[in-house]
Amino acid sequence: MMLCLWVSSCVTDVLCVCLCVRPQTQCYYHGSVRGFPRSRVALSTCFGLRSVYCCSASCLTSDLCLQKKRDILSETKYIELVLVVDHQEVRTSVSQPLSLFLSLVQFYRPLNVRVALTGLEIWSDRDKIPVEKSPTDTLNNFLQWRTRELLPRLRHDNAQLVMGGAFEGTTVGMASQSSMCSRDRSGGVNVDHLVSVLGVASTVAHELGHNLGMNHDTAERRCSCQNEPRLGGCIMEPSTGFLPGQQFSSCSASDLSVSLLHGGGMCLFNVPQPESMLGGARCGNLYVERGEECDCGLLEECEDLCCNASSCRLLPGAQCSSDGICCNDCKLRAAGSVCREPIGECDLPEFCTGSSPHCPPNVFLQNGEPCEDGATYCYGGVCASMNTQCQMMWGPNATSAPPICFSSVNKQGNKYGNCGQLINGSYVPCGTSDVHCGRIQCRGGGERPLLGSNAEILTTTVRLNHSDLVCRGTFFHLGDDVSDPATVAPGTACGPGQACLNQKCQDVSAFGVDDCRRKCSGHGVCNSNQNCHCDAGRAPPDCRFSGHGGSVDSGPATASNRGLRLTDNMKTGSGHKAALIHIKPPGSFLGNEVLRSDVFRCSFTCVLFSSSAPTCL
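Below you can see the structure in the form of structure tokens.
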């Protein structure tokens with residue numbers, strides 16, 4: 243099928259035109275190198291030959307003449323991504339974003355994360371935001387535009403801006419930490435800073451990694467990186483050289499697992515609808531499209547014993563493809579089998595339907611539902627607890643400080659205590675009613691925050707019950723007006739029947755929980771789709787009559803598990819920080835790595851056919 247690229251090009255502030263751009267031939271391919279079982283290839287022949295070749299542990303690009311606790315962890319994750327190209331970058335070629343995307347897909351596949359391109363926004367006329375020299379200002383402008391204009395017209399999980407210009411200093415990318423799936427912070431900005439598309443692809447992968455909760459591969463973390471420094475090292479290193487990072491380290495894989503197990507990335511378990519993705523239907527792209535029964539990738543990479551990779555049809559006797567979590571030995575699991583247990587008390591379970599190999603899309607409790615026995619509230623599928631947030635920052639013995647600490651610090655209106663920051667850089671002092679929604683104040687824990695060595699610690703001594711009380715706050719050097727873990731998480735209780743939202747203490751009715759609950763007949767709670775998740779013995783959609791429990795979104799529960807709704811393990815708070823990636827001078831490397839003298843080589847010959855993927859010999 244011919245590639246159909248849906249490109250949004252905005253002519254005016256109110257007129258955006260969607261165009262179907264069809265290259266003259268099918269010119270985007272992915273596959274493997276024959277004779278190299280762990281190899282991966284992403285290749286474009288649209289405007290000259292551009293490619294990324296990953297043979298075993300190392301990747302190289304043809305653009306440069308150099309060789310360059312549960313099923314949640316094993317379940318495939320999907321990022322529905324929108325790439326946005328600014329006006330200066332547009333002047334290069336429309337093929338660049340697609341080549342970038344192909345590289346991005348290859349980078350994330352070893353982590354069992356599939357990146358699906360659901361939108362490409364090209365600012366062909368002019369930029370839709372002020373693109374500043376400051377990475378912080380550009381990031382905030384872009385994220386505000388995404389929330390205000392992009393999300394209402396295009397559903398997606400994350401958006402990344404690719405820029406043709408440069409930031410001041412050595413910064414080539416910036417993103418919000420642990421913000422994947424959030425409405426207001428899930429995105430990043432990236433400079434196209436190297437000759438090869440591999441450079442900007444690695445930067446986007448790095449910033450996307452921060453959104454997923456990955457931290458930098460610093461020397462003290464002792465990360466294992468199978469890609470040699472002279473070949474670019476790993477993607478999450480804090481700075482990059484002439485050759486960019488080309489795979490993720492052991493630390494990145496661990497960070498992703500921790501983030502998922504703490505409730506991060508709730509949107510990543512929803513299989514994208516094939517019609518919403520760019521590129522058109524094709525057998526071998528790992529997505530089951532119209533006319534297909536399964537899709538396990540290309541013949542060389544397919545390991546599915548239930549699927550014929552050549553035809554994308556099920557093998558004789560198979561009911562389903564083993565790619566789905568509700569498929570076992572090529573047979574559909576019974577309706578009501580738990581396929582995704584809840585993580586924490588703000589998550590909800592999903593059950594196999596008996597008719598699909600895939601677990602239903604992930605849902606969780608609606609924002610504003612109470613948790614921790616009514617002490618605080620759910621937000622984004624996570625119980626927003628001050629104690630948990632302090633423990634995430636300072637260690638397991640940390641607790642939230644008394645109210646007098648919040649009042650004393652957050653009314654100051656400086657970088658250590660505030661309820662936000664204005665565009666001119668000045669900080670907003672918290673009003674009396676909002677002091678619990680500013681910077682978090684903690685007691686106890688370790689001597690320094692767990693999140694790195696770049697935090698300033700503010701120690702405040704207050705008088706309480708005729709004795710001195712020490713409370714601690716932090717400030718991270720992450721740029722101006724960027725959310726970080728020291729800001730109280732949205733959904734955190736700030737008073738009776740009140741929760742933090744946009745750094746204001748608001749009545750919990752702002753979340754609309756009561757309006758939704760009225761339709762649940764007193765026998766259920768509301769999920770993130772504002773549908774009733776019914777108690778055991780009650781039937782959706784309104785829980786009025788007898789039934790199996792669950793919701794119209796969760797799949798049917800059975801008698802043995804229909805009471806499964808909430809668990810109280812893995813409680814966590816959520817917060818955001820931002821991270822930078824810097825460019826290193828050519829030839830320099832981080833740390834004191836010993837460079838090997840041998841040269842990695844991957845020999846190949848590719849014969850291209852217009853009607854099929856390349857055959858590599």
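Be aware that the sequence shown starts at 243, since it is given in our numbering, and climbs by one per residue. Idealized CB from N, CA, C, for every residue including glycine. Note that this is a predicted model, so its numbers are computed, not measured.
Host alpha helix (DSSP H) of residue i (start-end)
i, result
"Thr445", "Val439 to Asn453"
"Ser709", "Counting along the chain, Ser709 falls outside any alpha helix (DSSP H), though it belongs to the beta strand (DSSP E) covering Ser709 to Phe718."
"Asn652", "Pro645 to Asn652"
"His790", "Element bounds for His790: n/a, residue is neither H nor E."
"Gln330", "His329 to Val332"
"Val755", "Val755 to Arg759"
Cβ-heavy atom distance, residue i to the ligand GTP, below 8 Å
i, result
"Leu556", "For the structure depicted, the ligand GTP is absent and the ligand set is empty, with no information on it obtainable."
Short Cβ contact (9 Å threshold) for residue i with residue j
i, j, result
"Cys758", "Cys774", "yes"
"Leu861", "Asp399", "Residue 861 falls outside the range modelled here, since the chain spans only 243 to 859, and no answer is possible."
"Ser563", "Val513", "no"
"Glu698", "Tyr669", "no"
"Leu342", "Val431", "no"
"Leu436", "Pro486", "yes"
"Gly559", "Gly637", "no"
"Val355", "His504", "no"
"Ser501", "Cys476", "no"
"Asp459", "Pro480", "yes"
"Cys768", "Cys679", "no"
"Asn453", "Ser420", "yes"
"Thr734", "Ala626", "yes"
"Arg714", "Gln683", "yes"
"Leu711", "Ile665", "no"
"Leu540", "Leu547", "no"
"Gln488", "Gly506", "no"
"Thr413", "Pro471", "no"
"Ala401", "Leu520", "no"
"Asn639", "Gly686", "yes"
"Cys661", "Val677", "yes"
"Thr608", "Val755", "Note on identity: in this sequence residue 608 is Gln, with Thr being the wrong assignment. A contact, by the Cβ cut-off of 9 Å."
Start-to-end residues for the beta strand (DSSP E) that takes in residue i
i, result
"Leu700", "Ala697 to Leu706"
"Thr413", "Thr413 to Gln419"
"Ala358", "Val355 to Ile364"
"Gln633", "That residue, Gln633, is in no beta strand (DSSP E); its alpha helix (DSSP H) goes Met628 to Trp636."
"Asn639", "It is not in any beta strand (DSSP E) - Asn639 carries neither H nor E in the DSSP assignment."
"Cys548", "That residue, Cys548, is in no beta strand (DSSP E); it is neither H nor E in DSSP."
"Gln748", "Lys746 to Asp749"
"Cys768", "Gly766 to Cys768"
"His775", "Cys774 to Cys776"
Where residue i falls: helix, strand or coil (DSSP)
i, result
"Tyr619", "strand"
"Glu374", "coil"
"Leu822", "Note that Leu822 scores 41 on pLDDT, short of 50, meaning its location in the model is unreliable and no value can be drawn from it."
"Cys204", "Past the boundaries of the shown model lies residue 204; the chain is included only from 243 to 859, so the question cannot be answered."
"Met508", "helix"
"His458", "coil"
"Tyr669", "strand"
"Tyr529", "coil"
"Arg582", "strand"
"Ser428", "coil"
"Thr734", "coil"
"Glu535", "coil"
"Ala741", "strand"
"Ala401", "strand"
"Gln561", "coil"
"Glu592", "strand"
"Cys569", "strand"
"Phe384", "helix"
Close-in-space but distant-in-sequence residues of the same chain around residue i (CB under 6 Å, 5 per side omitted)
i, result
"Lys761", "Asp784"
"Ser675", "Cys747"
"Glu410", "Lys375"
"Ser492", "Cys465 and Ser466"
"Gly792", "Ala799"
"Ala443", "Leu342, Ser345 and Leu346"
"Ile371", "Asn383, Phe384 and Trp387"
"Ala643", "Gln683, Cys684, Arg685 and Cys713"
Nonlocal neighbours in the same chain, by C-beta distance under 7 Å from residue i, ignoring five residues either side
i, result
"Gly797", "Glu592, Phe593, Cys594, Thr595 and Pro602"
"Ala523", "Met243, Pro516, Glu531 and Arg532"
Short CB-CB distance (under 9 Å) between residue i and chain D
i, result
"Ser494", "As a matter of chain content, chain D is missing from the structure shown, which is built from one protein chain."
Nonlocal neighbours in the same chain, by C-beta distance under 8 Å from residue i, ignoring five residues either side
i, result
"Cys549", "Glu535, Cys536, Asp537, Cys538, Arg555, Leu556, Leu557, Ala560, Ser563, Ser564 and Asp565"
"Thr389", "Arg425 and Asp426"
"Asp328", "Trp365, Asp369, Val373, Leu403, Val404, Met405, Gly406 and Gly407"
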